[in-house]
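Q: Below you'll find the structure I mean.
Numbering (this note's numbering), first residue to last: 1269 to 1583.
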């Protein structure tokens, strides 16, 4: 109950702060939920290519890290725009933060996946969950709860995923969660033979790397919000076509990732961002949001239905 009241207080506080922020000469703050990597390439390309400036915006991008609570930061009025996941938006609405709205969905197909050793011969996530191996994952995440219910009872032994591929690399019976454009590349670079299976193929496919803001900002300054969407869309179109310069700029900020990995990661994610049926990069549909809301309600991750049309801005 205390957490719920605290969340509502944060929303109220954000409304007060917004009046002070809109019209300010300070840069707009866009908070990422991870380090500068290709999954954010379009946001950095928009800055590098001047697309924010072309839309009369001054934007400061701040990087995140493991567990960075960007949606709570947005609700609390500490930032102007945030990168979140679609399921976070649904959960926020169910908890009373109905002022959070999605603007642009980068990944049309979620990059969340399960990585296995090729020698195990698995052909699906269902087989992994019914095996005698070990699966490293974050059991509390919505996708893992979906898989546990969809393929119940699971037989694989599960343990927390703590990052990296160390345990996976040292034991062929270990499978682990991953992003299709991240850990599999590390494993391949280490000489491992692997297979990866997208969670989206099981039926749980939330939008990922979603740009969000507050409804108060949308109502108070729709031209700014439209400019932000336009700049980000231009940035992603640019990055998908020619990522090299933006990759170099991001690598200067994230020296832990090699230039080769930046290149391979950008290539690996392209078909998840712009699919064969994508009309416009970043597009969202009411049906997709409704499906996600229904799934989270069925899993009892949220306790009441949410209004799908209130979750995003449809331009």
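All C-beta atoms in this analysis are idealised placements derived from N, C-alpha and C, irrespective of residue type, glycine included.
Under the rule that 16 or more other beta-carbon atoms within 10 Å means buried, what is residue 1490, buried or exposed?
A: exposed
Q: Pick helix, strand or coil for residue 1496, following the three-state DSSP scheme.
A: helix
Q: If you measure from the CB of residue 1397, is any heavy atom of the ligand PLP nearer than 8 Å?
A: Questions concerning the ligand PLP fall outside what the structure shown contains, since it holds no ligand whatsoever.
Q: Only counting runs of 4 or more residues, tell me where the alpha helix (DSSP H) segments fall wholly within the segment 1383-1430, in order along the chain.
A: Correct list: 1393-1397 and 1410-1418.
Q: Give the straight-line distance between the Cα atoms of residue 1555 and residue 1413, rounded to the nearest whole angstrom.
A: 22 Å
Q: Between which residues of its own chain and residue 1542 is the CB-CB distance below 8 Å, once the five residues before and five after are set aside?
A: The residues are 1376, 1508 and 1549.
Q: If you run the structure through DSSP and keep just helix, strand and coil, what is residue 1487?
A: Residue state, collapsed to three classes: helix.
Q: Per DSSP, which residues does residue 1443 bridge with? Please list them.
A: 1403
Q: With a threshold of 16 other CB atoms inside 10 Å of the CB of residue 1516, please say whether the residue is buried or exposed.
A: exposed
Q: Would you kindly report the start and end of the unbroken beta strand (DSSP E) that includes residue 1351?
A: 1349-1352
Q: So what's residue 1463 in DSSP terms, helix, strand or just coil?
A: In the three-state reduction of the DSSP assignment, residue 1463 falls in the strand class, which pools E and B.
Q: Pick helix, strand or coil for residue 1558, following the three-state DSSP scheme.
A: Of the three classes helix, strand and coil, the one that applies to residue 1558 here is helix, per DSSP.
Q: Mind the definition here: the segment 1445-1458 touches the segment 1528-1535 only if three or more C-beta pairs lie below 8 Å; say whether that holds.
A: Flag = yes, the segment 1445-1458 and the segment 1528-1535 touch.
Q: How is residue 1346 classed by DSSP in three states: helix, strand or coil?
A: coil
Q: Which residues mark the beginning and the end of the beta strand (DSSP E) in which residue 1327 is found?
A: 1327-1330
Q: What separation, rounded to the nearest whole angstrom, lies between the Cα atoms of residue 1391 and residue 1537?
A: 21 Å
Q: Drop a sphere of 10 angstroms on the beta-carbon of residue 1279, count the other beta-carbons inside from all chains shown, and report buried for 16 or more, exposed for fewer.
A: With a pLDDT of 42 at residue 1279, under the threshold of 50, the modelled position of this residue cannot be trusted; read the value that follows with caution. Under this definition residue 1279 is a buried residue.
Q: Can you tell me the Cβ-Cβ gap for residue 1315 and residue 1327, rounded? I've got them flagged as a contact below 8 Å.
A: 6 Å
Q: Would you give the residue range spanned by the beta strand (DSSP E) that residue 1374 belongs to?
A: Following the DSSP letters along the chain, one finds residue 1374 inside the beta strand (DSSP E) bounded by residues 1368-1375.
Q: Any chance the segment 1498-1507 sits against the segment 1299-1314, with 3 or more Cβ pairs inside 8 Å?
A: A contact is defined here as three or more CB-CB pairs under 8 Å, and the segment 1498-1507 meets this definition with respect to the segment 1299-1314.
Q: Which residue from 1303, 1381, 1401 and 1295 puts its Cα closest to that of residue 1525?
A: Residue 1303 is the option with its Cα nearest to residue 1525.
Q: Could you pull the start and end residues of the beta strand (DSSP E) that residue 1574 belongs to?
A: Note, residue 1574: premise wrong, no beta strand (DSSP E); not H, not E.
Q: Just to confirm, is the Cβ distance from residue 1353 to residue 1301 under 9 Å?
A: yes
Q: Between residue 1564 and the rest of its own chain, which residues show a CB-CB distance below 6 Å, the 5 nearest in sequence each way excluded?
A: 1358 and 1570
Q: In the DSSP assignment, what are the bridge partners of residue 1297?
A: 1328
Q: Hey, residue 1486 and residue 1445 are a contact pair by Cβ (cut 8 Å); roughly how many whole angstroms apart?
A: In fact, because the Cβ distance is near 34 Å, the residues do not count as touching under 8 Å.
Q: From the DSSP output, read off the bridge partner residues of residue 1580.
A: 1370
Q: From the DSSP output, in three-state form, read off residue 1567 for me.
A: coil
Q: The beta strand (DSSP E) that contains residue 1478, what's its start and end?
A: Where residue 1478 is concerned, the enclosing beta strand (DSSP E) stretches over 1476-1482.
Q: Return the first residue and the last residue of the alpha helix (DSSP H) that residue 1549 is part of.
A: No alpha helix (DSSP H) contains residue 1549, which DSSP labels as neither H nor E.
Q: Reducing DSSP to helix, strand and coil, say where residue 1381 ends up.
A: Residue state, collapsed to three classes: strand.
Q: To the nearest whole angstrom, what separates the beta carbons of residue 1394 and residue 1419, a pair I think is in contact under 8 Å?
A: Taking C-beta atoms under 8 Å as the contact rule, residue 1394 and residue 1419 qualify, at a distance of about 5 Å.
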